[in-house]
Amino acid sequence: MGEAATGSASYGLTAPLQAAIAEAEELIANAPFIRTDADRLEGYEYLSGRIRMAMQNAFDYDLDHPLLINPTHQFSKQGLDNPDAIYFNAYLREGVEYVVRGRRGTSADLSFQVMGGMYSATSAATSMLAIDDRSLSIADDGSFELRYTAEPGAKTLIVREVFNDWDREERGTLWLERPDTLGTPKQERTLDRLRKQYDVAARSLTGSIQTWFAFPHFFQYKEPVNTLTVPASTPGGLSSQFSSIGHYELAEDEAMIVTVPACGDCTYQGMQIGSDWYASTDYETHQSSLTKAQAHVDDDGMMRFVVAEHPPGPGGAPIANWLETTGHRTGPIMLRWQHVDRDITAEDGPTVEVVKAADAGARVGAAALSPGEYAARIAARQIAVARRMIS
13 MGEAATGSAS YGLTAPLQAA IAEAEELIAN APFIRTDADR LEGYEYLSGR IRMAMQNAFD
73 YDLDHPLLIN PTHQFSKQGL DNPDAIYFNA YLREGVEYVV RGRRGTSADL SFQVMGGMYS
133 ATSAATSMLA IDDRSLSIAD DGSFELRYTA EPGAKTLIVR EVFNDWDREE RGTLWLERPD
193 TLGTPKQERT LDRLRKQYDV AARSLTGSIQ TWFAFPHFFQ YKEPVNTLTV PASTPGGLSS
253 QFSSIGHYEL AEDEAMIVTV PACGDCTYQG MQIGSDWYAS TDYETHQSSL TKAQAHVDDD
313 GMMRFVVAEH PPGPGGAPIA NWLETTGHRT GPIMLRWQHV DRDITAEDGP TVEVVKAADA
373 GARVGAAALS PGEYAARIAA RQIAVARRMI S
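Note that the numbering used here gives residue 366 to position 354 of the sequence shown, counting from 1, and the numbers run on in steps of one.
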């Protein structure tokens, strides 16, 4: 047992974190894209997620006894997080063997990526390895094992479990082992170690905010407004995923129509819109994203999405493929294709048209949904998120 503490002592351990939180609040308050009080309030909520992530980075990760951490979810958003994905991360040590074990669920995609370095305000991290469950030997009961020895430069393992059908697909189970340290105790808690952890939390907090302020300008915001790119391997992300990226700017009376073929050669296809915080918007109680399983597909095989602030259907009613902007006049857009059997080409990609919001429903030929029908769609989203997500 340790020696009894004598007297009272404050080591000032949290001072760097307190200073970083104050600095982060100033970064949020003075973000260049803030237009309204609602934008600023959203920023402060976004800040709470960054603080959560910073504490996880500092205290939950253990290089000697690693485990898979869920840093991105509905309460901690970053990097235009995909509403259809559960993310797991672990930090790696070069030259060490790691084993991921688990039981494959029924999600549309389960992928593994190793990143070299970290995303920063000046550069994107390098993808060193990207595979999906098709590379695994999966037993009849769904169990599998993936072994990986961290190469020079390997820093982070990212696991994504992606859901195309929120109602029917089920999560699997996953865990990470480091065989050479199994059965050994963790490092002793020391004042010096705690001081370093709080320092890491402080640096992680301000660094992540600066990173995600800068990141969309590497990619999305290089494109002309109200356009989407030809599908390609995702820039700065999962190389085994194809994506089409862009950003929108719509007046109050405008809507964007995005038309894209429903892809039969991939198990997952989805579209989302985000905020200028480069994060997903409320996908739990608003329809700000849709997968091909959730969307209406027309008889010609096309999905026609309408991005608009207000319901674009006949008489101002909602429609099945309405993507709500939730008060954001501007923001990023991303379409993703995963678990693909072939290259996704320009013929698979989207076309974009900006129209008067009052005309959008008629332009896509969409039938109106009753308030009760749309509320049922939102209720299904809430139940699916509650059942699937981890916080």
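The beta-carbon is built from N, C-alpha and C at its ideal position, and this holds for glycine as well.
Between Gly128, Glu189, Arg113 and Arg62, which lies nearest to Glu106 when the distance is taken from Cα to Cα?
-> Reading the sequence shown from its first residue, position 94 is the one you call residue 106. Residue Gly128 is the option with its Cα nearest to Glu106.
Report the rounded CA-to-CA distance for Thr161 versus Ile257, giving the unit in angstroms.
-> Stepping through the sequence shown from its first residue, residue 161 is reached at position 149. Stepping through the sequence shown from its first residue, residue 257 is reached at position 245. Just so you know, the alpha carbons of Thr161 and Ile257 end up roughly 33 Å apart.
Would you call the stretch 215-222 and the stretch 240-247 in contact, with 3 or more CB pairs under 8 Å?
-> no
Straight-line CA distance for Phe124 to Leu148?
-> Locating residue 124 in the sequence shown gives position 112, where the first residue counts as 1. Locating residue 148 in the sequence shown gives position 136, where the first residue counts as 1. Each residue's alpha carbon lies about 11 Å from the other.
Val318 and Trp334: beta carbons closer than 8 Å?
-> Within the sequence shown, numbered from 1, the residue matching residue 318 stands at position 306. Within the sequence shown, numbered from 1, the residue matching residue 334 stands at position 322. Yes. Within cutoff.
Do the stretch 193-208 and the stretch 56-67 meet, that is, are 3 or more Cβ pairs less than 8 Å apart?
-> no
Thr118 to Thr84, Cα distance in whole Å?
-> The residue given as residue 118 occupies position 106 in the sequence shown. The residue given as residue 84 occupies position 72 in the sequence shown. Computed Cα separation, rounded: 21 Å.
Taking Cβ to Cβ, would you say Gly220 is nearer than 8 Å to Met346?
-> Here residue 220 refers to the residue found at position 208 when the sequence shown is read from its first residue. Here residue 346 refers to the residue found at position 334 when the sequence shown is read from its first residue. At residue 220 the sequence reads Ser, which differs from the Gly that was named. Cβ distance not < 8 Å, so Ser220 and Met346 don't count as in contact.
How many Å lie between Gly377 and Gln284 at the Cα?
-> Walking along the sequence shown from the start, residue 377 turns up at place 365. Walking along the sequence shown from the start, residue 284 turns up at place 272. Cα to Cα, the separation comes out at about 21 Å.
Mind checking whether Asn176 and Ala332 have CB atoms under 8 Å apart?
-> For the purposes of this step, residue 176 is taken as the residue at position 164 of the sequence shown. For the purposes of this step, residue 332 is taken as the residue at position 320 of the sequence shown. Result no, Cβ atoms of Asn176 and Ala332 do not sit closer than 8 Å.
Buried or exposed for Glu359, please, with buried defined as at least 16 other CB atoms from any protein chain shown within 10 angstroms of its CB.
-> The residue labelled residue 359 in the question sits at position 347 within the sequence shown. Under this definition Glu359 is an exposed residue.
Lys368, DSSP secondary structure in three states | Reading the sequence shown from its first residue, position 356 is the one you call residue 368. Lys368 falls in the strand class under three-state DSSP.
Please name the residue in Trp178, Asn42, Leu203 and Lys368 whose C-alpha comes closest to that of Gly282.
-> Taking the sequence shown and counting its residues from 1, the one referred to as residue 282 is at position 270. That would be Trp178, whose Cα lies nearest to the Cα of Gly282.
Among Tyr260, Asp51, Met130 and Pro28, the one whose alpha carbon lies nearest that of Val366 | Residue 366 sits at position 354 when you count from the first residue of the sequence shown. With distances taken between Cα atoms, Val366 lies closest to Tyr260.
Cβ contact (3+ pairs, closer than 8 Å) linking the stretch 81-101 and the stretch 143-158 = The stretch 81-101 makes no contact with the stretch 143-158, as fewer than three CB pairs between them are under 8 Å.
Please name the residue in Tyr23, Ala32, Arg341 and Gln209 whose C-alpha comes closest to that of Gln68.
-> The residue given as residue 68 occupies position 56 in the sequence shown. Checking every option, the nearest Cα to that of Gln68 belongs to Gln209.
When DSSP labels each residue in this structure, what does Glu187 get in the three-state scheme?
-> In the sequence shown, counting from the first residue as 1, residue 187 sits at position 175. Rather than Glu, the amino acid found at residue 187 in this sequence is Trp. The answer is strand: DSSP assigns Trp187 an E or B state.
Under the three-state DSSP convention, the category Leu405 falls into = As displayed, the chain neither begins before 13 nor continues past 403, which places residue 405 out of reach and without an answer.
Looking at Leu262 and Gly325, is the spacing between their C-beta atoms short of 8 Å?
-> As a first step, residue 325 is located in the sequence shown; it is residue number 313 there, counting from the start. As a first step, residue 262 is located in the sequence shown; it is residue number 250 there, counting from the start. In this structure, Gly325 sits away from Leu262, with a CB-CB distance that is not shorter than 8 Å.
Measure the Cβ-Cβ separation of Leu203 and Tyr23 and say whether it is below 8 Å.
-> By one-based count along the sequence shown, residue 203 stands at place 191. By one-based count along the sequence shown, residue 23 stands at place 11. Yes; because the gap between Cβ atoms is below 8 Å, this pair is in contact.
Cα separation between Glu38 and Asp51?
-> Residue 38 sits at position 26 when you count from the first residue of the sequence shown. Residue 51 sits at position 39 when you count from the first residue of the sequence shown. Glu38 and Asp51: Cα-Cα distance of roughly 14 Å.
Could you name the residues that DSSP lists as bridge partners for Glu266?
-> As a first step, residue 266 is located in the sequence shown; it is residue number 254 there, counting from the start. Partner(s): Lys368.
Go to Gly61, then tell me how far its alpha helix (DSSP H) extends in each direction, as first and last residue.
-> Your numbering for residue 61 matches position 49 in the sequence shown. Residues Asp49 to Phe71.
Look up Ser216 in the DSSP assignment and say whether it is helix, strand or coil.
-> Locating residue 216 in the sequence shown gives position 204, counting from the first residue. Helix at Ser216.
Would you call the CB atoms of Ala372 and Ile269 closer than 8 Å?
-> Here residue 372 is taken as the residue at index 360 of the sequence shown, counted from 1. Here residue 269 is taken as the residue at index 257 of the sequence shown, counted from 1. Yes. Within cutoff.
Coarse secondary structure for Phe175, derived from DSSP in three states | Here residue 175 refers to the residue found at position 163 when the sequence shown is read from its first residue. Note: Phe175 maps to coil in three-state DSSP.
Simplified DSSP assignment, three categories, for His77 = Residue 77 sits at position 65 when you count from the first residue of the sequence shown. Of the three classes helix, strand and coil, the one that applies to His77 here is coil, per DSSP.
Which residue from Leu186, Thr297, Ala244 and Ala21 puts its Cα closest to that of Thr337?
-> Taking the sequence shown and counting its residues from 1, one reaches residue 337 at position 325. For Thr337, the nearest C-alpha among the options comes from Thr297.
Residue environment, Ala320, which counts as buried when at least 16 other CB atoms sit within 10 Å | Working through the sequence shown from its first residue, we reach residue 320 at position 308. So Ala320 counts as buried.
Can you tell me which of Arg180, Arg354, Arg348 and Gln394 puts its alpha carbon nearest to the alpha carbon of Asp294?
-> As a working note, residue 294 is residue 282 in the sequence shown. Asp294 has its Cα closest to that of Gln394, out of Arg180, Arg354, Arg348 and Gln394.
Going by the beta-carbon positions, is the gap between Arg207 and Leu25 smaller than 8 Å?
-> The residue you call residue 207 lines up with position 195 of the sequence shown. The residue you call residue 25 lines up with position 13 of the sequence shown. Against a cut-off of 8 Å, the Cβ pair of Leu25 and Arg207 comes out as a contact.
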